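Position in the sequence shown (first residue = 1) + 150 = the working numbering.
Working notes, beginning with the structure itself.
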Amino acid sequence: LANEVEKTMQNAPQGATTHAISLLLGHPDPTTLLTPEFTEAMQNVASSPQALTALQYGSEQGNRALLDYLIGKISAEQSIALRHDQMMIVAGSTHAVDMIARLYTQPGDTVLVESPTYADALHIFRDHGVELCGVPMDKQGVCVDEMASLLSRLQHDSRLPKLFYTIPTFHNPTGITLIESRRQQIVELARRYGFMIVEDDVYRHLAFEQEVPSSFFALAGNVPVMQIGSFSKTLAPGLRLGWLVAPSEAIARFVGCGTTQMGGGASPLSAQIVAEYCRVGAWDRHVESLRRLYQMRRDTMLDALQRYMPPSVKWTQPNGGFFLWLTLPEPMQASVVKQIALAHGVIVGAGGGYFSNAADGSHNLRLTYSFAPPDQIEKAVEILAGVLNDLS
Ligand SMILES: Cc1ncc(COP(=O)(O)O)c(C=O)c1O
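Laid out in structure tokens, this is it:
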């Protein structure tokens, strides 16, 4: 399989390169993508009468079997009673974020984001011409006191936000999880200032050692929350498949919008295959094995950081997901470190790209442990540490 993966890499997946070790890509481990159970699900769908339905335009809300499965699973996991009119299938989280920005903001509106946040979400919001406002984070997630002061300033300037986009669980890029008491306080702020919460929870299922806090959707009561999930991190990003949980009026609006009406429901063929895969319990088993795999990768990276990094460098300790976040000592510029590391064969993400104000990330790097195999993770951290030692 490793050889096959190597060969496939010649066709360079998005952002990949064969010549350097990538700690940049937020991709799943390529060796986990084509399991025998997934191949079987594809074959079952191809040889069933549903294959023809799956190859047509699909129902606007999405594949019914998959919706039923996800409604049952998410209701049980999050202790909520989801109704059918509160969920739709989407073509990945990206599709949902874009749709929300398109239908729920106007150019010039304010959108709150975590500082730092997911770089491609910043890109989508910028595409829609909104004003981004970053809320600082600490080890427990968004700093609620700072969020409250920011909101009061924005109110004073008549610039209250339409929405707060957050990655509360195993955050991209830091790996931090927002603690539950702060989630409750943020719900209260949303109630008071009238903004919607968009929780991008694509890493929620990848918890390594403990229960995840309650979701915003579960805590919100009558405060509007949209929760996004995806099969990209726990099955395969090439499926382009995820789900959106939202108040029924919002789902009706997304289902009735022009692109959904014109294109039909998201990814009908992928959805049919994944519905079959989930029906036999294969996704649950796969997620369980991914948790163990990525926990070991996280440990490999933490051990290597501990062993090789100069004492002036600090990093987060993620309990799940794909990433950890390095803070460099003040004089070191992340963009310079990134260039020198690349020349030594290691690719990392420089912090600036993850902030609404790029200068705020001058001393940070994002490291991914999901994609490279353990020996390469260790080697890459050793090389990166060598670069930092030379610079200091
Ligand atoms: C927070 C977050 N949201 C969304 C995505 C993309 O998800 P999808 O492939 O479902 O569009 C990523 C991938 O890196 C992510 O980290």
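Each residue gets a CB set at the ideal place from its N, CA and C atoms; glycine is no exception.
All of these numbers come straight from a predicted model, not from anything done at the bench.
Can residue i be considered in contact with ligand 1, in the sense that its beta carbon sits closer than 8 Å to one or more heavy atoms?
i: VAL373; result: no
i: PRO387; result: yes
i: SER380; result: yes
i: ALA416; result: no
i: HIS245; result: yes
i: ILE224; result: no
i: ARG390; result: yes
i: TYR504; result: no
i: ALA421; result: no
i: ASP270; result: yes
i: GLY176; result: yes
i: LYS383; result: yes
i: GLY279; result: no
i: GLY242; result: yes
i: ILE497; result: no
i: ILE317; result: yes
i: TYR353; result: yes
i: ASP118; result: Shown here, the chain extends from 151 to 542; a query on residue 118 therefore has no answer.
i: ASN322; result: yes
So what does DSSP say about residue i, is it helix, strand or coil?
i: PHE612; result: The chain is shown from 151 up to 542; residue 612 falls before or after that span and cannot be answered.
i: ILE317; result: coil
i: ALA215; result: helix
i: GLU210; result: coil
i: ASP235; result: helix
i: CYS293; result: coil
i: THR409; result: helix
i: GLU187; result: helix
i: PRO524; result: helix
i: ARG390; result: coil
i: MET287; result: strand
i: ASN507; result: coil
i: GLU532; result: helix
i: ILE171; result: strand
i: ALA241; result: coil
i: GLN489; result: helix
i: VAL537; result: helix
i: SER380; result: strand
i: ALA500; result: strand
i: ALA368; result: helix
i: LEU151; result: Confidence is the limiting factor: at LEU151 the pLDDT is only 35, short of 50, which leaves the residue's position unreliable and the question unanswerable from this model.
i: LEU310; result: coil
i: ILE347; result: strand
i: GLY431; result: coil
i: GLY415; result: coil
i: LEU443; result: helix
i: ASN322; result: coil
i: SER420; result: helix
Would you please state the rounded distance, in angstroms, between the beta carbons of residue i and residue j? I believe it to be under 8 Å.
i: ALA416; j: ALA241; result: 4 Å
i: GLY470; j: TYR353; result: 6 Å
i: GLN460; j: SER542; result: One point to set straight first is that residue 460 is Pro, not Gln, in the sequence displayed. Indeed they touch by this definition, with Cβ atoms about 6 Å apart.
i: VAL294; j: GLN335; result: 5 Å
i: ILE221; j: ALA421; result: Not really, about 14 Å apart at Cβ, beyond 8 Å.
i: ARG441; j: LEU356; result: 6 Å
i: ASP179; j: SER520; result: 6 Å
i: LEU217; j: HIS234; result: 7 Å
i: ALA370; j: VAL337; result: 5 Å
i: THR260; j: LEU304; result: 6 Å
Return the CA-CA distance between residue i and residue j, expressed in angstroms with no decimal places.
i: LEU443; j: PHE320; result: 16 Å
i: ALA251; j: MET451; result: 35 Å
i: GLN377; j: GLN526; result: 35 Å
i: HIS273; j: MET346; result: 20 Å
i: ARG447; j: GLN411; result: 42 Å
i: GLY176; j: PRO199; result: 36 Å
i: GLN467; j: VAL537; result: 22 Å
i: PRO523; j: VAL247; result: 31 Å
i: GLU361; j: LYS223; result: 16 Å
i: TYR254; j: GLU349; result: 15 Å
i: HIS494; j: ILE533; result: 7 Å
i: LEU339; j: ILE230; result: 22 Å
i: GLU264; j: TRP393; result: 22 Å
i: ASN153; j: ILE171; result: Confidence at ASN153 is low in this model, with a pLDDT of 43, below 50, so the placement of that residue is unreliable and no value is reported for it.
i: MET287; j: VAL486; result: 24 Å
i: ARG333; j: GLY344; result: 16 Å
i: GLU480; j: HIS513; result: 6 Å
i: GLU399; j: TYR219; result: 22 Å
i: THR324; j: TRP475; result: 5 Å
i: SER225; j: VAL280; result: 33 Å
i: LEU391; j: PRO363; result: 24 Å
At a cut-off of 8 Å, would you count residue i as near ligand 2, judging by its Cβ distance to the nearest heavy atom?
i: ILE423; result: No copy of ligand 2 appears in this structure; the ligands present are ligand 1.
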